[in-house]
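> Take a look at the following structure, please.
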Amino acid sequence: MTEFPKTPPRFSATFTPAVNAEIRRAAASGIYDIRGGGTKRHLPHFDDLLFLGASISRYPLEGYREKCATDVWLGTRFAKKPIHLDIPITIAGMSFGALSGPAKEALGRGATAAGTSTTTGDGGMTEEERGHSKTLVYQYLPSRYGMNPDDLRRADAIEVVVGQGAKPGGGGMLLGQKISDRVAQMRNLPKGIDQRSACRHPDWTGPDDLEIKILELREITDWEKPIYVKVGGARPYYDTALAVKAGADVVVVDGMQGGTAATQDVFIEHVGMPILACIPQAVKALQDLGMHRKVQLIVSGGIRSGADVAKALALGADAVAIGTAALIALGDNDPKWEEEYQKLGTTADAYDDWHEGRDPAGITTQDPELYKRFDPILGGRRLKNYLKVMTLEAQTIARACGKSHLHNLEPEDLCSLTIEAAAMAGVPLAGTNWIPGRNGGW
Amino acid sequence: MQTFDLGKEGLRALNSALHALKGQTNMTDWEIINPRGAHAIAAGVDAPVDITVRGSTGYYCAGMNKQATIRIKGSAGPGVAENMMSGTVIVDGDASQYAGATGRGGLLVIKGNASSRCGISMKGIDIVVHGNIGHMSAFMAQSGNLVVLGNAGEALGDSLYEARIFVRGTVKSLGADCIEKEMRDEHYVILEELLRRGEADAKAKPEEFRRYGSARKLYNFNIDNASSY
Chain R
2 MTEFPKTPPR FSATFTPAVN AEIRRAAASG IYDIRGGGTK RHLPHFDDLL FLGASISRYP
62 LEGYREKCAT DVWLGTRFAK KPIHLDIPIT IAGMSFGALS GPAKEALGRG ATAAGTSTTT
122 GDGGMTEEER GHSKTLVYQY LPSRYGMNPD DLRRADAIEV VVGQGAKPGG GGMLLGQKIS
182 DRVAQMRNLP KGIDQRSACR HPDWTGPDDL EIKILELREI TDWEKPIYVK VGGARPYYDT
242 ALAVKAGADV VVVDGMQGGT AATQDVFIEH VGMPILACIP QAVKALQDLG MHRKVQLIVS
302 GGIRSGADVA KALALGADAV AIGTAALIAL GDNDPKWEEE YQKLGTTADA YDDWHEGRDP
362 AGITTQDPEL YKRFDPILGG RRLKNYLKVM TLEAQTIARA CGKSHLHNLE PEDLCSLTIE
422 AAAMAGVPLA GTNWIPGRNG GW
Chain D
7 MQTFDLGKEG LRALNSALHA LKGQTNMTDW EIINPRGAHA IAAGVDAPVD ITVRGSTGYY
67 CAGMNKQATI RIKGSAGPGV AENMMSGTVI VDGDASQYAG ATGRGGLLVI KGNASSRCGI
127 SMKGIDIVVH GNIGHMSAFM AQSGNLVVLG NAGEALGDSL YEARIFVRGT VKSLGADCIE
187 KEMRDEHYVI LEELLRRGEA DAKAKPEEFR RYGSARKLYN FNIDNASSY
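Keeping their order, the protein sequence lines are chains R and D.
Every letter in the first sequence is one number past the one before it in this note's numbering, and letter 441, counting from 1, is 442.
Every letter in the second sequence is one number past the one before it in this note's numbering, and letter 181, counting from 1, is 187.
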């Protein structure tokens with residue numbers, strides 16, 4: 002009998018090995034997957050934008066001779082004491098509890114050395130963080146863990162957190178493994194229990210209430226502190242407009258690439274919008290209200306390089322915030338711990354079970370044996386270096402576009418590589434003047 | 007006594023004057039007239055002073071209070087004494103939603119009724135309500151005591167942690183993981199003291215109350231409890 006070649010094994014594009022593995026995991030465990038970090042799916046992102054650079058119609062600035070300023074003011078609308086940062090790259094909110102005390106210290110050290118701010122998280126304000134952060138933003142979250150007027154007054158700004166990009170509409174979750182004595186004491190909860198942080202604030206609902214809540218916070222702090230309002234990337238046009246109406250000094254919009262300490266994978270991957278789609282909507286809301294640059298816009302979610310910073314600013318943001326990238330700069334997911342990642346059933350650059358508290362790098366843990374591996378002084382230095390590099394990269398691009406300040410970058414400096422990015426960012430497709438949905442183009 | 011006309015001088019001037027009271031002061035008695043439902047009256051006070059508000063207040067009166075005794079001779083809007091740290095707040099009338107929300111210490115007394123979500127997410131505050139409380143009260147309450155001389159609305163103590171709830175009247179329904187618990191000797195002692203401090207000892211006796219607390223079944227996530235959420 003003639004033997005014909007067999008059809009080679011063919012994998013389904015729908016039921017991929019990864020999808021099947023998740024089905025098997027769900028069938029075996031009966032519980033959804035929980036993990037840290039942000040979305041891992043491919044999304045339209047800053048990589049889909051390019052700068053045009055200078056040409057005959059625009060002349061560049063000399064790379065090593067002519068000044069390109071990077072500073073940013075935040076909170077100039079109402080606060081008596083607005084913040085002035087040397088660079089427009091801030092450190093996003095990450096909690097003590099999710100992160101170890103030394104990791105929070107390192108964030109403060111690095112941010113301060115680079116001339117920028119860091120931000121507390123759901124666990125309240127720690128001495129490590131306040132002591133090492135020249136400029137500290139204090140988050141006002143639904144859980145109110147550790148909230149008190151003294152910390153409000155010793156903060157440099159207050160961020161009312163309505164949502165975050167990894168899980169717009171979701172609350173927090175810190176599993177019992179990470180609830181050490183200190184974390185439990187700060188949060189006023191029994192040790193070892195799973196801590197559910199509420200998804201809504203306990204004492205206000207809606208924009209009219211938010212306006213009164215902001216008034217209260219301003220009164221308690223004698224109108225000194227800038228008040229930020231942070232939203233996840235859900236409906237950025239309306240959320241930005243409502244935050245402005247409620248009296249925010251600064252609006253923070255966090256796209257779905259933004260990380261979380263722990264939440265359901267299905268939430269991280271299927272709720273929210275990419276930051277590229279959020280920025281133009283938030284900027285348009287500010288422009289429509291005549292408040293662009295008067296209420297500052299900070300954007301976050303997937304910022305990795307000076308190019309990303311420059312693109313976010315060119316689209317109209319005043320500053321960016323980094324979380325995941327800052328942790329990687331500190332040493333998170335470093336291949337030097339590969340042997341231990343393997344023991345945890347994962348590999349460097351893919352480790353995301355931060356909620357289990359067994360981080361080999363000693364960053365997302367409360368285990369003293371693990372976090373003593375992490376040197377906060379060295380970590381701070383690494384973060385400072387990274388922030389400096391990002392700033393230099395952004396300046397390099399800005400000078401090439403002929404800009405003497407990063408804030409002079411504009412959408413006209415950009416083109417899009419894909420139709421999706423052109424539509425989302427409102428930037429013409431490369432080689433055309435076509436913005437899908439806006440004009441006919443050529 | 008310092009008399010402050012809020013209608014004439016404005017909120018900022020009031021709170022600025024109250025915040026200037028640091029540590030020891032002989033300006034210990036304050037009277038606020040014409041509050042007219044203004045928000046954030048006496049928010050963020052941190053001094054051992056007595057403040058009487060002659061009239062009803064808007065949102066967040068006495069928010070984050072420390073040390074002060076604040077009496078509202080009227081009713082209070084939403085979030086009265088929210089996140090209170092210490093001191094005492096007494097509302098002669100009724101209180102709107104979220105009374106004593108996230109409070110971490112001190113005593114809140116409401117002589118009338120309290121609306122929904124009274125004591126939501128409370129973290130150590132003691133609350134004594136002479137009348138009834140609305141639905142979802144003591145939601146996710148972490149610690150402290152909620153004493154209710156009247157009745158409680160639906161879903162009392164939903165998802166609560168270690169807070170104690172004492173109710174004299176009826177409870178329309180209990181929330182997830184909230185159960186009735188035995189009144190032991192130490193609870194009578196706590197209750198007697200709270201009724202006295204809450205100016206309610208002439209109205210009710212400790213033995214008339216039932217105690218509610220957490221069944222602690224939802225403290226660690228278990229898929230078999232998913233239908234409880």
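Think of the CB as a built atom: it goes at the ideal place given N, C-alpha and C, for glycine as much as any other residue.
Excluding sequence positions up to five away, which residues of its chain have a Cβ less than 7 Å from the Cβ of D/V173?
If we look at D/V173 and ignore the five residues flanking it on each side, its Cβ neighbours are V154, A158, F215, R216 and Y218.
> Please identify, using Cβ separations under 8 Å, the residues of the region 43-58 of chain D that lie next to chain R, in order along the chain.
H45, A46, A49, G50 and D52
> Could you pull the start and end residues of the alpha helix (DSSP H) that R/F268 belongs to?
D266 to H271
> Is the distance from the Cβ of R/A158 to the Cβ of R/K226 below 8 Å?
yes
> Which of the three DSSP states, helix, strand or coil, is assigned to R/R359?
coil
> How about the region 271-289 of chain R and the region 236-248 of chain R: do they share at least three Cβ pairs that are nearer than 8 Å?
yes
> Using the C-alpha atoms, what's the distance from D/R202 back to R/V232?
45 Å
> Which of the residues in the region 125-139 of chain R, read from start to end, lie with their CB under 7 Å from any CB of chain D?
Of all residues in the region 125-139 of chain R, none comes within less than 7 Å of chain D when Cβ atoms are compared.
> Check R/V163 in the structure and name its three-state DSSP category.
coil
> Comparing alpha-carbon positions, which option in D/Q30, D/D56 and D/R222 lies nearest D/K36?
In the sequence as displayed, the identity of residue 36 of chain D is Trp instead of Lys. The residue with the shortest Cα to Cα distance from D/W36 is D/D56.
> Taking D/N228 as the reference, give the member of R/I32, R/R26, R/M2 and R/P429 with the closest Cα.
R/I32
> According to DSSP, which residues form a beta bridge with R/I436?
In the DSSP output, where bridge partners are listed per residue, R/I436 has none listed.
> Can you tell me whether D/C124 is helix, strand or coil according to DSSP?
coil
> Would R/R145 pass as an interface residue toward chain D - the criterion being a Cβ-Cβ separation below 8 Å?
yes
> To the nearest angstrom, how far is the alpha carbon of D/P54 from that of D/N71?
10 Å
> Which residues bound the beta strand (DSSP E) around R/M174?
G173 to L175
> Just the C-alpha distance for R/L290 and R/T77, rounded to the nearest angstrom, thanks.
16 Å
> Do R/I228 and R/L153 count as a contact pair if the criterion is CB distance below 8 Å?
no
> What residues in its chain sit with their C-beta under 8 Å from that of R/A424, if we drop five residues either side in the sequence?
I436, P437 and G438
> Report the rounded CA-to-CA distance for R/L407 versus R/G332, giving the unit in angstroms.
The straight-line gap from Cα to Cα measures roughly 28 Å.
> Any contact of the region 60-79 of chain D with the region 249-267 of chain R, i.e. 3+ C-beta pairs under 8 Å?
no
> Report the rounded CA-to-CA distance for R/N21 versus R/A351, giving the unit in angstroms.
19 Å
> Since R/L216 meets chain D, which of its residues come closer than 7 Å, beta carbon to beta carbon?
H45 and A46
> Taking buried to mean at least 16 other C-beta atoms within 10 Å of its own C-beta, is R/Q288 buried or exposed?
Counting C-beta atoms within 10 angstroms of its own C-beta, R/Q288 has fewer than 16 neighbours from the protein chains shown and is therefore classed as exposed.
> Reducing DSSP to helix, strand and coil, say where R/C416 ends up.
strand
> Which residue marks the beginning of the alpha helix (DSSP H) containing R/D309, and which one marks its end?
G307 to A315
> Is the beta carbon of D/A44 less than 8 Å from the beta carbon of D/Y66?
no
> Put R/G132 into one of helix, strand or coil per three-state DSSP.
helix
> Looking at the C-beta of D/Y218, does it have a partner C-beta in chain R at a distance below 8 Å?
Output row for D/Y218: interface = no.
> Pick helix, strand or coil for R/G109, following the three-state DSSP scheme.
Helix, per DSSP.
> Straight-line CA distance for R/G403 to R/L410?
Rounded to whole angstroms, the separation of the alpha carbons of R/L410 and R/G403 is 9 Å.
> Considering D/C184, what are the terminal residues of the beta strand (DSSP E) in which it resides?
C184 to K187
> From the DSSP output, read off the bridge partner residues of D/E37.
D/T9 and D/T58
> Against chain R, which members of the region 162-187 of chain D pass a CB distance test of less than 7 Å?
Y167 and E168
> Under 8 Å, Cβ to Cβ, is there at least one residue of chain R near D/G85?
Cβ-Cβ to chain R under 8 Å: yes for D/G85.
> Going by other Cβ atoms of all chains shown within 10 Å of its Cβ, with 16 needed for buried, is D/A26 buried or exposed?
It counts as exposed.
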